[in-house]
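Counting from 1, position 100 in the sequence shown corresponds to residue 546 in the working numbering; the numbering is continuous, with no gaps. In this text, a Cβ means the ideal position worked out from N, Cα and C, and glycines have one as well. Remember, predicted model here, so these are calculated numbers, not experimental data. One structure below.
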Amino acid sequence: MPESVRSSERPGERPNERPGERPSERRGAARTAVVWEALLPVLGDEPRDVVDIGGGTGGFAVRVAELGHRVSVVDPSPDALASLDRRARERGVTVTGQQGDLSTLLDLVGPDSADMVLCHGVLEVVDDPAAALASIHRVLRPGGALSLLVAQRHAAVVARAMAGHFGQALALLDDPTAAGRSGRRFTREELDTLLGDAGFEPVSAHGIRIFADLVPGSLLDLEPGATAALVELERAVAERPEYLPLATQVHLIAQR
Ligand SMILES: C[S@@+](CC[C@H](N)C(=O)[O-])C[C@H]1O[C@@H](n2cnc3c(N)ncnc32)[C@H](O)[C@@H]1O
Numbered sequence: 447m448p449e450s451v452r453s454s455e456r457p458g459e460r461p462n463e464r465p466g467e468r469p470s471e472r473r474g475a476a477r478t479a480v481v482w483e484a485l486l487p488v489l490g491d492e493p494r495d496v497v498d499i500g501g502g503t504g505g506f507a508v509r510v511a512e513l514g515h516r517v518s519v520v521d522p523s524p525d526a527l528a529s530l531d532r533r534a535r536e537r538g539v540t541v542t543g544q545q546g547d548l549s550t551l552l553d554l555v556g557p558d559s560a561d562m563v564l565c566h567g568v569l570e571v572v573d574d575p576a577a578a579l580a581s582i583h584r585v586l587r588p589g590g591a592l593s594l595l596v597a598q599r600h601a602a603v604v605a606r607a608m609a610g611h612f613g614q615a616l617a618l619l620d621d622p623t624a625a626g627r628s629g630r631r632f633t634r635e636e637l638d639t640l641l642g643d644a645g646f647e648p649v650s651a652h653g654i655r656i657f658a659d660l661v662p663g664s665l666l667d668l669e670p671g672a673t674a675a676l677v678e679l680e681r682a683v684a685e686r687p688e689y690l691p692l693a694t695q696v697h698l699i700a701q702r
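Here it is as structure tokens:
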């Protein structure tokens with residue numbers, strides 16, 4: 447296992463600000479800490495075959511590879527795949543990048559080929575979310591797990607209203623596609639139905655970025671200990687259903 451992982455820090459386990467850490471890295475850690483905490487026990491310690499569909503520049507994929515798993519990224523963007531390659535080389539791990547998208551995923555990686563599929567920030571932009579989840583289901587081995595991270599509609603309505611975009615907020619209330627170029631926004635109930643229809647069994651559900659996007663970035667930058675306290679708060683509310691509508695994203699783990 448590479449040095450970066452043998453150290454005491456594993457993804458999601460960084461409650462304190464580290465010397466020299468950039469403010470953007472601190473905010474990023476606060477936004478993804480709860481995702482990693484749900485992901486790590488499902489990944490387990492044995493090396494697994496992990497496919498990151500729409501893995502982009504490898505923010506998740508490279509860290510999963512650092513944990514010792516065999517990771518491939520399928521993404522339509524050649525620029526993202528080039529950045530992924532650079533990031534993986536810098537971190538001393540191998541991540542296979544393939545150009546493709548959710549409509550070609552099954553042909554590229556084959557059926558029953560993955561122990562885990564990450565689909566983070568992608569279901570929002572596909573033409574047919576139901577077909578996308580059906581392909582992911584086929585790519586997974588029986589018992590394999592999907593990690594699905596998706597933008598959540600109620601929080602998007604609030605964010606637009608708070609920014610003074612009242613018409614956009616109104617349009618988004620009941621229409622998942624009304625977010626325009628940034629794609630669909632889903633409710634937890636819609637996601638549960640989509641996953642059930644595709645044949646998945648629910649494992650866990652967490653609200654992500656319940657407060658992280660509401661606090662001013664300058665507060666995290668200037669106040670010692672603020673990021674750690676925010677992460678603790680995010681952890682405490684992530685599984686409370688009453689806070690889920692405030693979450694920028696929903697993170698669902700589901701099993702084939
Ligand atoms: C918001 S980024 C998320 C990147 C990464 N998954 C993460 O969480 O950091 C969305 C990614 O989805 C990719 N993408 C766009 N359309 C896609 C499609 N139809 N199938 C798969 N990936 C797609 C984009 O190229 C981009 O890398």
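The C-beta separation of P622 from R631 comes to about 6 angstroms, placing the pair in contact by the 8 angstroms criterion.
With a cutoff of 7 angstroms, H583 does not count as near ligand 1, since its C-beta is closer than that to no heavy atom of the ligand. Your pair P575 and L618 does not check out as a contact, with CB atoms roughly 17 angstroms apart and the cut at 8 angstroms.
In this structure, the beta-carbon distance from R516 to P487 does not fall below 8 angstroms. Sequence-distant Cβ neighbours of R473 in its own chain, meaning closer than 8 angstroms and more than five residues away, are A658, G663, L666 and T673. Judged by their CB atoms, Q695 and A597 are nearer to each other than the 8 angstroms cut-off.
For the 8 angstroms CB-CB criterion, D495 and S559 form a contact. Cα atoms of V572 and A675: separation of roughly 36 angstroms, rounded to the nearest angstrom. For D547, the shortest separation between its Cβ and any heavy atom of ligand 1 lies below 7 angstroms.
Membership of P524 in the alpha helix (DSSP H) is indicated by the continuous run P524 to R537. Of all C-beta pairs linking the segment 683 to 695 to the segment 584 to 601, three or more are shorter than 8 angstroms, placing the two stretches in contact. Residue nearest to G538 within the set G490, T550 and V510 is V510 (criterion: CA-CA distance). Relative to I499, the option among D638, G645, M608 and V568 whose CA is nearest is V568. Excluding residues up to 5 positions away in sequence, A700 and Q701 lie with their Cβ nearer than 7 angstroms to the Cβ of E647 in the same chain. In the three-state DSSP reduction, I582 falls in the helix class (H, G or I). CA-CA distance, I654 to T478, rounds to 8 angstroms.
P648 sits in a strand when the DSSP states are folded into three classes. Judged by DSSP secondary structure, Q614 falls outside any beta strand (DSSP E) and instead within the alpha helix (DSSP H) spanning F612 to L618.
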